[in-house]
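Presented below is the structure to which this report refers.
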Ligand code: M6R
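In the working numbering, the protein residues as written are 27 to 643.
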């Protein structure tokens, strides 16, 4: 949701900025723009539409500036248009700003600036920022500072001090045309260190091909970036040092690697992502261990409730986590949607452990929900795919999935890796607590180890799914039914379908069908059933029989032996413990959503209205 790129060095900035924006396209956006400085003049080029459209703007190839900032905008205040696109400049043309986030008090600030004679071109919240910087540069205590560097940074700081909300901001100025000032609060921003050049981006993969050395800014921390230096300041502008982080991701991992779409590539990367996530966290016959955390038996014994809090797909992974924790650790566990949790006064105290799951680690609601739990004295544990992401910096404990960069908006390998990681966490807790028998835990570990080859087996034969996608792609409604963890994964299957194929779908606990939704079942409606738990086999078949009787067309994803000739299509998947079967049963549903979307000619990786990283409420 909004993407930021910056460059300062000796090369032409424009191609680097546009390339960076293209890498951030997956975050979701509706307009794009860049600003560079040439001969002490800021040149801005921007428009609504795709990043590639920037290449067609008149004069873009003539820009020779070696410093620049760039942005992809996902509209919040004001519709997508050239005027509302970033960068935004102040009235004097001295300052240009790009911004990711939301300025909640922008109307008050706009009113204040208007009273001081400033005018506005856009409807955005962002446009107040360059004008506020100009205001402070020319008025008040900062304006009398003689040292220009100090004065520019002081003016940016004063402006930031007035902002309420979330932001990652880049500022350039004709006053100091060799530096970019950045600051962030609750929005992602990383700085990549080069040799005689430096880079800025919303996330690491966008600039991974230029450097593997990164600085991760804290909330309310400023950085002044020139081609040969990066300086860090706290919110009172005291300078400090910051440790560099080496990121060992493979730059090619962020490319398509011969696949038609990122989503398909990421679906096929799941065996590797699962293997990497298991890593060395356990071996058969040995206890689980996490290098990153150590949680004592005394602490776990003091816990009387666990909350798992997340959004979207990550929340669906949390539902499977609840089943695992309750079964293995016998600790009551609730799963909540972060945007609900944060406003519903949940009952949290020091005996509550709150687990937050977020692929990006930057989801605004999840971060806010984590801060809330901390404020109530609970311990917090983050599960994320991005090292150093905001959520991992806020949490008491952080553990990582090793899925590699996930670019497609529709999450696939992050989900399966999250379920794997939370399974290992549940086993680890159970071992520390002694709450499950060794045999049960060893069998589950063995099932986890076998998962990658079982996923490969499913991916080896996608023909039935492709054929089914061709049959149903024009439909308007579909239903997903399951019981237990089959219901949990049905929710994820339904979300995938909605997101990328734009087909309305509902997921229901199969036993709940008779309490209302069965009224929607009529001749020809497609129902997808998931059956992986032998204990629930007969009941699930009965529920599906009820929809067949009413004319539904059925596709069943199962690892059980089903009565012959009962269902229209059956996809057989390998057997595993029902607690972790979503890791296998989700794969045909991911592929189904993918092939339906392709059949409809849609943009699989960048579905309409969606952003990869939802950094605003
Ligand atoms: O980065 P996060 O895991 O916090 O993201 C949470 C959701 O926004 C995300 O899972 C979303 O639902 C995906 N588009 C699902 O495919």
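Every residue, glycine too, gets a C-beta built ideally from N, C-alpha and C.
Heavy atom of the ligand M6R within 8 Å of residue i beta-carbon
i           : result
residue 385 : yes
residue 636 : yes
residue 525 : yes
residue 584 : no
residue 521 : yes
residue 458 : no
residue 380 : no
residue 337 : yes
residue 394 : no
residue 340 : yes
residue 440 : yes
residue 437 : yes
residue 303 : no
residue 531 : no
residue 361 : no
Bounding residues of the beta strand (DSSP E) (the contiguous stretch that carries residue i)
i           : result
residue 175 : Careful: residue 175 lies outside any beta strand (DSSP E), inside the alpha helix (DSSP H) at 174-188.
residue 581 : 579-584
residue 30  : 29-34
residue 439 : It is not in any beta strand (DSSP E) - residue 439 instead sits in the alpha helix (DSSP H) that spans 439-459.
residue 259 : 256-259
residue 269 : No beta strand (DSSP E) contains residue 269, which DSSP labels as neither H nor E.
residue 509 : Looking at the DSSP string, residue 509 is not in any beta strand (DSSP E), and its letter there is neither H nor E.
residue 407 : 405-410
Distance, residue j Cα to residue i Cα
i           : j           : result
residue 636 : residue 134 : 29 Å
residue 144 : residue 138 : 9 Å
residue 625 : residue 127 : 35 Å
residue 420 : residue 270 : 19 Å
residue 486 : residue 522 : 21 Å
residue 366 : residue 448 : 22 Å
residue 178 : residue 209 : 13 Å
residue 646 : residue 42  : Not covered by the structure: residue 646. The range shown for the chain is 27 to 643.
residue 243 : residue 471 : 38 Å
residue 455 : residue 159 : 51 Å
residue 452 : residue 479 : 22 Å
residue 444 : residue 183 : 39 Å
residue 154 : residue 116 : 8 Å
residue 464 : residue 457 : 8 Å
residue 405 : residue 415 : 18 Å
residue 352 : residue 193 : 38 Å
residue 527 : residue 290 : 14 Å
C-beta contact flag for residue i and residue j at 9 Å
i           : j           : result
residue 45  : residue 59  : no
residue 433 : residue 228 : no
residue 402 : residue 418 : no
residue 427 : residue 385 : yes
residue 468 : residue 639 : no
residue 562 : residue 512 : yes
residue 632 : residue 54  : yes
residue 340 : residue 616 : no
residue 256 : residue 241 : yes
residue 91  : residue 63  : yes
residue 600 : residue 483 : yes
Start-to-end residues for the alpha helix (DSSP H) that takes in residue i
i           : result
residue 355 : 338-355
residue 46  : 39-49
residue 419 : 416-420
residue 162 : 154-164
residue 140 : 132-141
residue 572 : 563-575
residue 61  : Residue 61 -> not in any alpha helix (DSSP H); beta strand (DSSP E) instead, spanning 57-64.
residue 622 : 608-625
Residue i at chain C interface by Cβ criterion, 9 Å
i           : result
residue 629 : Going by chain labels, chain C is absent from the structure shown, which holds only one protein chain.
Subject >> Secondary structure, alpha helix (DSSP H): runs of 4+ residues fully inside the segment 301-338 >> reply: 323-328
Original post:
Residue ranges of each beta strand (DSSP E) run of no fewer than 3 residues wholly in the segment 75-139, ordered along the chain?
Top reply: 93-99, 121-129
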